[in-house]
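Here the structure is laid out as structure tokens; the discussion comes afterwards.
Residue numbers (this note's numbering), protein chains in the order written: chain Y, 1 to 479; chain L, 1001 to 1479; chain A, 2001 to 2479; chain B, 3001 to 3479.
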């Protein structure tokens, strides 16, 4: 995560065969340009250390990002005189910058004057390890906050000031919004009406200057390391303490909305009808989730609804499909998290919550999980399709009208697939669960076994959807 | 395949949100440039027909290749006045060109004067549907020939003139080589010594002018549609009939080498020890392979050895990882072939021969196979790794020295994985086979059942390799 | 030109300093990708010959185009063991392909049945050196033809069958059009109404398969070397001779339109008022133009009107701004042509007809011309601006209203600039001419002097324009 | 300059004609990607304001750079409903960030402990308008400093602490170097031995995080706005005042070297032999240079030697070929500077010092200069070639051996070219000067005339070079 370099090392064909039709010959460095902060091929073995150093440094300095280093096949067997190599020490930790003092004062003033303030905590705050400072700020000033998907856990989701359960309401009526490492992209509806007040004042805290002012004209911009800037703000509020009145009508509105939303969720979660709905499933999962676990998730409704129910208590412990919504990343993320937990010997568990379609992108990685015996718990929330599927009977009914290749809608998957057997095929544990009791039991067993992976295939109502929304998650704002 | 356009339609973000951080916003058209013959986004709904027409046409005219058309998300819900659309009829079949007459004469003369002639039949010959002409040429002139991996089947592999079993010998000592749509890339060792005679005369037949002369200076180049050029050559040999003496020492050399290679293969195939080796497996598969089936394959040894044993009798019925050696394409190819067979109602079967590592790239596609109930037969030739794996006992022994994450070599996979259960998880048939008898029986059953897919997980000796080679397949020629 | 490779050799920074901020460090190979058929950097000195061979070959095989080869700075001083270099002989002449016989027959039939046939001779015909064949075809079949800007001279412009003077009319009413290496791009108004009949039948002759069918659905496509295909057509008309009736109403229409257009031009050319107009200027230039000279041209009206008056009698002797309309290429073209004439010792002259704005792009190349003492004749047709300028008096009048930086329109240039002094500054001859007599005299002198360059700065009416057009050259067709 | 956006607006073909072969059709946005911070095409007229806002903002926020916005031709004539446009106000001034306090302390400590300190003032300091702060720092701490080419003038070149005259010595023996917005690229010899001490301690002050640590491992990095960081350093030295002893041996060494170098220059400058050498020329120019003028320069020796003699007294008043060493930018820079001076009505003059070869790249821009009557003074320092040329007699001698195209070395230009006539051709003043007296007189006249441009063509010894160097400017450091 933050401060951890992300370098992809690629292998290309032998240099002497370039342009001849070599094995897997392709301009890789060029092909990676659009996807990376730095893309290069060392010109000789001697220059490998300095290229790697630059890739590592570029990856973690400034706004973090992936880098690509290409190693031609012929390098593998080349010899080099050690004295001709210019060795590079690893770079220093990323340089830290702060916002200018006058902007900090201005930001504090805008916050103090807010009628309906809101903090939004983004992935950038997690990368910057700003959790301590932001938590203090929230608590001292008694401000409501909202995390973005991967900003969850910077402050625990169950913090009393977290207004995630009233997300749309909070965004729509806030008059001052402080963004800590959160971009005003599609996830935050570009910061524009009708999802926001036309005259909302944004205070942007970001490490990337070019991000400031995207889509809106902010009231104040605070450029710098998010952790350092947060501390500057804290100092400001230390000098002249201030707190937002907890009994304001804004807090009342938010609390009411949260209460009614939570009631609606609880209502759904407590439905006894089978197959289960999303809320029932996540309710039971949440009950057993270890406080310090990593939650990995991908899917459509599975990821979106799961995010609202499953709580994160630690920063950088949620990994999901992210800004790009890329499917297929879940198992790789889970493996990485499990290896990290193993290396740190913390005993932390990894819970990987997958939609059935999402699992199909890279489900074969269970072989890797089993090979390395990583005690990951995979939950496949299975509605037989993307957004909506068919139950077995409807599927059979449909097949009377023709072959599946012609009559099955593209969003359907095969009903009642036994994804748990994909896990048992490689020696892990598998559970096929259809009731809350089965779900509870299988989760308990999986959590109890710290030596082996398991996959719980959770059958839900194929037509299950989210509860009614003020705005749909992906609703296009009128821009 | 040939004359079949390959168009990728991509969806990008809404145009009005470009540069704002839209959902999955990315310069797709630009990103696809390096990978396609034509990459474009229609500027309006009205221009979709002409862009699609151009993409289709670009894909099949000249050397075939993939094209990309990008459709922004907002197009999906836009309305258009039908009268403002300029509709395009589908383009005409690809234009056909021929070689110039003098070059044809020259080529015929060079062939007539060859002491050790060889034809190499490439993928381009298959794309050009030149099978009839090339077969006539081979038979009339009694010339030895060799197919490239995806040129297999243009003439049946069991044709008496096929010298595939003496491939290295044939390449190394031929004095005249006619390439029909085969490139002198790494697969053909660039056409250079030591894999070829320094003074070998190449006659290149190709649809792509820029391909002619790559890596070698050819004796004759025949630019044009490969089918048309083959017919021109045939006419030439019709006018003045000629045939290469079947009792030449060249034929003798080739036949002897083929005999000894085939004996060595047979020897390996008949080994009774268990686990089986590659040759035993493929020998039994080949015995039951329907003549008209599609053979799809990917993997390392599995693909390479399988290709030498499994015979193709029809053109364009072999699909493998191809020039780029891309893993993960097998199941997609198999599904496409099965859908084609279904559409044509030919009852043709699809046999998909996968290495265990290769299967791991996209094995989850068995869900698609089962959903559409395609009677594909998947063979996973399982040696517990890439090139080489461990058996269960050695694996356990190894784990005494540490955790798998630290002691297992990167080429190993989990021993005795039950890949067949990945199939049964979705309702297909699965077989775990360890002996020739089990293999024979499972194959027989799978072929008999035309209504359902099956996966046969074939355990082989984890240390099994190829028989000794004059040159390794990937051997780097000294350039 | 055709069959002449176009290779750009670029120098990049030292390989060992890559990514360090080396002098002029940049990814040149990548940057040239969009502009070239082949772009590469040799990986070592040893591979330079094969890269150059491939660049040369790629440049002239298939549709010709530019290639880029990048040479890192450190190569310049490296030593190499000659034995480790794989020398490459120069490639063979480009392979020649022909159209398929059935398509030739079909094309001949369509031509025979045409009521209003038209041939269009493009740059591709010139590159293919198809002049002899196309001329025979025109003369045997008595067909009207039209050259594209750089197709001029394939058949002499004064050929009786040339209908360039009735260009718009010819395009608009033809029912069958045969394109010889001419693309249906903006120059030919995309082949669409209202510039063409909706049901016009196109016969496309081209070396590039992907070009066929662009924008229209052609009646017949003839893929192959344009020279070879032309000969195939000729053979067809040799077998069954046919000619288009010279007394047809189509010929009559065209001849009448030509006559009226030529009369209008002559009328303009004979105007006695001063300053001269474009037609007067070009009329006098044309009178003295040597038959075998190279005509180079760039500019807006200067190039467009000049092209209609100045005649080419030889193929590949006209070089202008071409499809891209790139300004600044004229003097470079002129120098190249002059060096060629010098190398061939033909005594051919180069006449470079420049608009004043166009000359401004690279006028300093007169230094090169003078340094090498190349007897180029530069004509600057000077209207004090782009499309339109001011005369001296109006300019002064305008300056009363403010500073030139604020009041002068962006298309204006300084009135009465003495471009001829840019030539005399370097020792060449310069003429400032304002009357037909001065123009005639200066041209006569310039042509008489075969040992030195000259520049004739020809003042014309700043408001001079083209004669009225049915369609403006750049008129956007309603597509 | 700094805080001034650099946006290139390009025109592309009509959207509806894309892929059809439209006039100047090309993927411009893609082509500009490598050269710009932001490259985009508005998807509709309505989005133009937001795209322009983003381009402007991207250009000046963070490290400044060029941006590209592409406007399709059809936009020019489109109409739009004003209410559908989302207008954007101009962005706020760039956000300012500061270095973290601990790093500032550390930097101050390193500086205090330096035995041989050196400040290097780069272009970034000029862009950040850090002149006041840096000057105070230099003066308070009595530190020696060195400007980079475009860092000249941030502190006046004649400041007693400027050690530019001992540049190589200063770089080579400094033990602590503080870089203010100066990159360790080729211009600073990558910060590596033998041009630097192996254990020199670098303190990097930069706005760009990814720049920090390039090529060397710095002792301290100060990330932030260079002006803000400089003030932080100043505060540090205000709290605990310190100054570097002016009588240190380091200052002695530097002063001695400066004295000897200046003596050598003076010696060269005072040579009476004709033709003049570079030093004589620049000595006389320097004598008359107005203190507040803009100095623009490009060329090889002309730029390099001129930079050492011609003094800048104001920041952002020197514009030269820069990091890329791009020739042809001089006249454009001069015009821009003159327009700025005009707009500000400061009466500041622009002196453009061109090598003769450099002038050849865009010399025709004198037409623009004359059209707008900008009182620019162009000096062409004319040695008849690049690095070295021929005098008239040697040139004639050489021509006895053959034609100039075959015998003239590529670095030669035509001897005694009258570049001043290129200026007089457009009505400006021209001077051909061969002696110091003529130079003085022509300069005096040019400076006196504030209403018109002039060009002084200064003939120098064609074989003139720099004085002997410890290292050549472009010397490749052993990396």
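We put the beta carbon where it would ideally sit given N, CA and C, even for glycine. Here the structure is a predicted model, which is why all the values come from computation and not from measurement.
Legend entry - Cα-Cα separation, residue 1414 of chain L to residue 425 of chain Y: For the purposes of this step, residue 1414 of chain L is taken as the residue at position 414 of the second chain. For the purposes of this step, residue 425 of chain Y is taken as the residue at position 425 of the first chain. Rounded to whole angstroms, residue 1414 of chain L to residue 425 of chain Y spans 11 Å at the Cα level.
Inset, instruction - May I have the straight-line CA-CA distance separating residue 2477 of chain A from residue 2185 of chain A, to the nearest angstrom? - result: Reading the third chain from its first residue, position 477 is the one you call residue 2477 of chain A. Reading the third chain from its first residue, position 185 is the one you call residue 2185 of chain A. Note that residue 2477 of chain A scores a pLDDT of 38, beneath 50, so its modelled location is shaky and nothing firm can be said.
Inset, instruction - Would you kindly check if the distance between the Cβ of residue 2154 of chain A and the Cβ of residue 2315 of chain A is under 8 Å? - result: Residue 2315 of chain A sits at position 315 when you count from the first residue of the third chain. Residue 2154 of chain A sits at position 154 when you count from the first residue of the third chain. In this structure, residue 2154 of chain A lies closer than 8 Å to residue 2315 of chain A by Cβ.
Inset, instruction - Under 9 Å between beta-carbons, which chain Y residues line up against residue 2057 of chain A? List them in chain order, please. - result: As a first step, residue 2057 of chain A is located in the third chain; it is residue number 57 there, counting from the start. In chain order: nothing, as chain Y lies at least about 11 Å away.
Legend entry - Coil, strand or helix - residue 1465 of chain L by DSSP: Translated into the one-based positions of the second chain, residue 1465 of chain L becomes position 465. Residue state, collapsed to three classes: coil.
Inset, instruction - Check whether the Cβ atoms of residue 3293 of chain B and residue 3344 of chain B sit closer than 8 Å, and answer yes or no. - result: Along the fourth chain, one-based indexing puts residue 3293 of chain B at 293. Along the fourth chain, one-based indexing puts residue 3344 of chain B at 344. Against a cut-off of 8 Å, the Cβ pair of residue 3344 of chain B and residue 3293 of chain B comes out as no contact.
Legend entry - Rounded separation between residue 280 of chain Y and residue 296 of chain Y - CA only: Locating residue 280 of chain Y in the first chain gives position 280, counting from the first residue. Locating residue 296 of chain Y in the first chain gives position 296, counting from the first residue. The alpha-carbon atoms of residue 280 of chain Y and residue 296 of chain Y are separated by roughly 19 Å.
Legend entry - With 16 other Cβ atoms within 10 Å as the buried cut-off, status of residue 1055 of chain L: As a working note, residue 1055 of chain L is residue 55 in the second chain. Looking at its Cβ environment, which holds 16 or more other Cβ atoms inside 10 Å, residue 1055 of chain L is buried.
Legend entry - In chain order, each alpha helix (DSSP H) run of at least 4 residues that lies wholly inside the segment 1119-1207 of chain L: 1123-1127, 1131-1141, 1167-1173
Legend entry - Residue(s) in a DSSP beta bridge with residue 2320 of chain A: Translated into positions along the third chain, residue 2320 of chain A becomes position 320. Partner(s): A:2297.
Inset, instruction - Could you tell me the distance, in whole angstroms, from the CA atom of residue 2321 of chain A to the CA atom of residue 3022 of chain B? - result: For the purposes of this step, residue 2321 of chain A is identified with residue 321 of the third chain, where counting begins at 1. For the purposes of this step, residue 3022 of chain B is identified with residue 22 of the fourth chain, where counting begins at 1. Going from the Cα of residue 2321 of chain A to the Cα of residue 3022 of chain B covers about 15 Å.
Legend entry - chain L contacts from the segment 2238-2271 of chain A (Cβ-Cβ distance under 9 Å): none
Legend entry - Alpha-carbon to alpha-carbon, residue 2215 of chain A and residue 3463 of chain B: Stepping through the fourth chain from its first residue, residue 3463 of chain B is reached at position 463. Stepping through the third chain from its first residue, residue 2215 of chain A is reached at position 215. If you take the alpha carbons of residue 3463 of chain B and residue 2215 of chain A, they lie about 60 Å apart.
Legend entry - DSSP three-state assignment for residue 2399 of chain A, whether helix, strand or coil: In the third chain, counting from the first residue as 1, residue 2399 of chain A sits at position 399. In this structure, residue 2399 of chain A counts as helix in the three-state DSSP scheme.
Inset, instruction - Indicate whether at least one CB of chain B lies closer than 8 Å to the CB of residue 217 of chain Y. - result: Numbered from its first residue, the first chain carries residue 217 of chain Y at position 217. So yes, residue 217 of chain Y belongs to the interface.
Inset, instruction - Give a yes or no on whether the C-beta atoms belonging to residue 5 of chain Y and residue 59 of chain Y are separated by under 8 Å. - result: Residue mapping note: residue 5 of chain Y aligns to position 5 of the first chain, counting from 1. Residue mapping note: residue 59 of chain Y aligns to position 59 of the first chain, counting from 1. A contact, by the Cβ cut-off of 8 Å.
Legend entry - Where residue 3285 of chain B falls, given that 16 or more other Cβ within 10 Å makes a residue buried: Here residue 3285 of chain B is taken as the residue at index 285 of the fourth chain, counted from 1. Under this definition residue 3285 of chain B is a buried residue.
Legend entry - Backbone secondary structure at residue 452 of chain Y - three-state DSSP: Here residue 452 of chain Y refers to the residue found at position 452 when the first chain is read from its first residue. Residue state, collapsed to three classes: coil.
Legend entry - Distance, residue 2347 of chain A Cα to residue 2095 of chain A Cα: Locating residue 2095 of chain A in the third chain gives position 95, counting from the first residue. Locating residue 2347 of chain A in the third chain gives position 347, counting from the first residue. Approximately 32 Å, taken between the alpha carbons.
Legend entry - Stretch pair the segment 244-257 of chain Y + the segment 393-411 of chain Y: three plus CB contacts closer than 8 Å: no
Inset, instruction - Anything in chain A within Cβ reach of residue 1412 of chain L, meaning under 8 Å, just list it in chain order. - result: Position 412 of the second chain, counted from the start, is the residue given in the question as residue 1412 of chain L. Within chain A, no residue comes near residue 1412 of chain L; the closest Cβ sits about 34 Å away, beyond 8 Å.
Legend entry - Simplified DSSP assignment, three categories, for residue 3043 of chain B: Start at 1 with the first residue of the fourth chain, and residue 3043 of chain B comes out as number 43. Looking at residue 3043 of chain B - three-state DSSP - the assignment turns out to be coil, as it is neither helix nor strand.
Inset, instruction - For residue 3385 of chain B, collect the residues of the same chain with a Cβ closer than 6 Å to its Cβ; drop the 5 residues on either side in sequence, then sort them by chain order. - result: Residue numbering aside, residue 3385 of chain B sits at position 385 when the fourth chain is read from its first letter. Answer for residue 3385 of chain B: 3411, 3412, 3413, listed in chain order.
Inset, instruction - Scan the segment 3357-3439 of chain B and note each continuous alpha helix (DSSP H) run of 4 residues or more that stays entirely inside, going in chain order. - result: 3366-3371, 3392-3399, 3404-3407, 3419-3424
Legend entry - First through last residue of the beta strand (DSSP E) which encompasses residue 1098 of chain L: For the purposes of this step, residue 1098 of chain L is taken as the residue at position 98 of the second chain. Residues 1097-1099.
Legend entry - Buried versus exposed call for residue 1104 of chain L [16 or more other C-beta atoms within 10 Å across all chains shown]: The count along the second chain starts at 1 and reaches residue 1104 of chain L at position 104. By the neighbour-count rule (16 or more Cβ atoms within 10 Å), residue 1104 of chain L is buried.
Inset, instruction - Would you kindly check if the distance between the Cβ of residue 1427 of chain L and the Cβ of residue 1455 of chain L is under 8 Å? - result: For the purposes of this step, residue 1455 of chain L is taken as residue 455 along the second chain, with counting starting at 1. For the purposes of this step, residue 1427 of chain L is taken as residue 427 along the second chain, with counting starting at 1. Against a cut-off of 8 Å, the Cβ pair of residue 1427 of chain L and residue 1455 of chain L comes out as no contact.
Inset, instruction - Please specify which runs of the alpha helix (DSSP H), each continuous and at least 4 residues long, are wholly inside the segment 1003-1068 of chain L, giving them in chain order. - result: 1028-1031, 1048-1060
Legend entry - Delimiting residues of the beta strand (DSSP E) encompassing residue 3350 of chain B: In the fourth chain, residue 3350 of chain B corresponds to position 350, counting from 1. Looking at the DSSP string, the run of the beta strand (DSSP E) that includes residue 3350 of chain B is 3350-3355.
Inset, instruction - Report yes if the CB atom of residue 2373 of chain A is closer than 8 Å to the CB atom of residue 2460 of chain A, and no otherwise. - result: The count along the third chain starts at 1 and reaches residue 2373 of chain A at position 373. The count along the third chain starts at 1 and reaches residue 2460 of chain A at position 460. No, the pair does not count as a contact, with Cβ atoms beyond the cut-off.
Legend entry - Any C-beta of chain A under 8 Å from that of residue 1178 of chain L: Here residue 1178 of chain L corresponds to residue number 178 of the second chain, with the count starting at 1. Chain A, which has no Cβ nearer than 8 Å to the Cβ of residue 1178 of chain L, makes this no.
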